[in-house]
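A.B. asks: Sequence positions in the sequence shown follow numbering that gives the first Met the number 0 and run 0 to 70.
Virtual Cβ for every residue (Gly too), placed ideally from N, Cα, C.
I have a structure I would like to understand better, so I am pasting it below and will then ask my questions one at a time.
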Amino acid sequence: MTQFIKTCPNCGQNLVEKLQNVDVKQDLKACYAESIPVLVCENPTCTNQEKYYSPFSFNLLKMKCPEINKW
Ligand SMILES: [Zn+2]
């Protein structure tokens, strides 16, 4: 089972949950999903711009974008 992280691997700060619109592009298929909860680092001095998905938001994203099921 995949481990979902709660702290930034770059600076160690706790990630903050935000609602974001997500663009998914995989295998030339694109999906646009609105208001997906993602975990982001809000440390202003951190360069990590990665968005992390919790299990809940990942399932929500898979429902809206069935083509990403192979992730
Ligand atoms: Zn960070």
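#1: To the nearest angstrom, how far is it from the Cα of Leu59 to the Cα of Val15?
#2: So, with DSSP's three-state summary, where would you put Met0?
#3: Keeping to the same chain, check which residues put their C-beta closer than 6 Å to that of Met0; ignore five residues upstream and five downstream.
#4: Taking 7 Å as the cut-off, is the CB of Asn20 close to at least one heavy atom of ligand 1?
#5: Do the CB positions of Asn9 and Asn47 come within less than 8 Å of each other?
#6: Restricting to Cα atoms, I'd like to know which of Ile4, Asn13 and Phe3 is closest to Cys40.
C.D. replies: With the structure as the only source:
#1: Here the question's residue 59 lines up with position 60 in the sequence shown. Here the question's residue 15 lines up with position 16 in the sequence shown. Between Leu59 and Val15, the C-alpha separation is close to 18 Å.
#2: Position 1 of the sequence shown, counting from 1, holds the residue named residue 0. Legend: pLDDT at Met0 = 40, less than 50; position of this residue unreliable, no value from coordinates given.
#3: Taking the sequence shown and counting its residues from 1, the one referred to as residue 0 is at position 1. In this prediction, Met0 scores a pLDDT of 40, lower than 50, which makes its location untrustworthy; the coordinate-derived value is nonetheless stated afterwards. Counting only Cβ-Cβ distances below 6 Å, and skipping sequence neighbours, we find nothing.
#4: Here residue 20 refers to the residue found at position 21 of the sequence shown. No, ligand 1 has no heavy atom inside 7 Å of this Cβ.
#5: As a position in the sequence shown, residue 9 is number 10, starting the count at 1. As a position in the sequence shown, residue 47 is number 48, starting the count at 1. Cβ distance < 8 Å, so Asn9 and Asn47 count as in contact.
#6: By one-based count along the sequence shown, residue 40 stands at place 41. It is Asn13.
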